[in-house]
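*Asks:*
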Amino acid sequence: MANSKLFLTLEDAKEIAAAAEAEAKRNNWPVVIAIVDEGGHLLYLMRLDNTQYGSIEVAIQKARSAIAFRRPTKILEEQVNQGHVRYLSLSGAIPIEGGLPIVLGNQFVGAIGVSGVRSHQDAQIAQAGIDTLNPDSL
1090 MANSKLFLTL EDAKEIAAAA EAEAKRNNWP VVIAIVDEGG HLLYLMRLDN TQYGSIEVAI
1150 QKARSAIAFR RPTKILEEQV NQGHVRYLSL SGAIPIEGGL PIVLGNQFVG AIGVSGVRSH
1210 QDAQIAQAGI DTLNPDSL
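Read left to right, the sequence shown gives residues 1090 to 1227 (the numbering used here).
1. Figure out for me which residue from Gln-1210, Ala-1212 and Ser-1204 has the closest Cα to the Cα of Gly-1143.
2. Can Ile-1214 and Glu-1146 be called in contact, C-beta distance under 8 Å?
3. Between Glu-1167, Gly-1199 and Met-1135, which lies nearest to Ala-1155 when the distance is taken from Cα to Cα?
4. What are the partner residues of Ser-1204, as DSSP defines its beta bridges?
5. Sort Val-1174, Gln-1196 and Glu-1166 by Cα distance to Ala-1212 and report the nearest one.
6. In whole angstroms, what is the alpha-carbon distance linking Gln-1150 and Ala-1123?
7. With distances taken from CA atoms, which of Asn-1117, Ile-1219, Gly-1188 and Tyr-1133 is nearest Asn-1139?
8. Using DSSP with H/G/I as helix, E/B as strand and the rest coil, what is Gly-1199?
9. When burial is assigned at 16 or more other CB atoms within 10 Å of the CB, is Asp-1126 buried or exposed?
10. Decide if Gly-1202 is buried, meaning its Cβ has at least 16 other Cβ atoms within 10 Å, or exposed.
11. Taking the alpha carbon of Pro-1184 as the reference point, which residue from Gln-1196, Glu-1100 and Lys-1163 has its own alpha carbon closest?
As structure tokens, this is what we get:
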């Protein structure tokens, strides 16, 4: 039986980012949206007007952390908040909500990271981006 590997294309990344951007604009939230592939390599970056430049690297790192550890960055944040400080020493881990892995057909194909507003709002924007995906189009 042949296995087929799914992956994110630039067009997929643009679609995800557009949906995330729409959610951010709907709420008037200035953010940076970063999309990475399965290896954590940046595919697409969008910085909305009036977003602080410090959010650029944070968004990228949230996305990279989400794919590296194959879990939402919120889980890492919760672990640290519960006193499990060992998570702070994990290379590439950023324990701040707003990074979500992108999973299609039980395959981790990339991640989205958002930064610029409160972390739960960043996660809301990221989820809106993921929710736009049509698995049949990948």
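Ideal placement from N, C-alpha and C gives every residue a C-beta, glycine not left out.
Quick caveat: nothing in here was measured; it's all calculated off a predicted structure.
*Replies:* Judging by the given coordinates:
1. Distance check between Gly-1143 and each of Gln-1210, Ala-1212 and Ser-1204 places Ser-1204 closest, using alpha-carbon atoms only.
2. At the C-beta level, Ile-1214 and Glu-1146 stay beyond 8 Å of one another.
3. Per the C-alpha coordinates, the member of Glu-1167, Gly-1199 and Met-1135 positioned closest to Ala-1155 is Gly-1199.
4. Residue pairing by DSSP puts Ser-1204 in a beta bridge opposite Val-1121.
5. Looking at the Cα atoms, Glu-1166 is the closest of the given residues.
6. Each residue's CA atom was taken as its position, placing Gln-1150 and Ala-1123 some 9 Å apart.
7. Cα-wise, what sits closest to Asn-1139 is Asn-1117.
8. DSSP, reduced to helix, strand and coil, places Gly-1199 within a strand of the structure shown.
9. Asp-1126 is classed as buried because its beta carbon has at least 16 other beta carbons within 10 Å across all chains shown.
10. Looking at its Cβ environment, which holds 16 or more other Cβ atoms inside 10 Å, Gly-1202 is buried.
11. The shortest Cα separation from Pro-1184 among Gln-1196, Glu-1100 and Lys-1163 belongs to Lys-1163.
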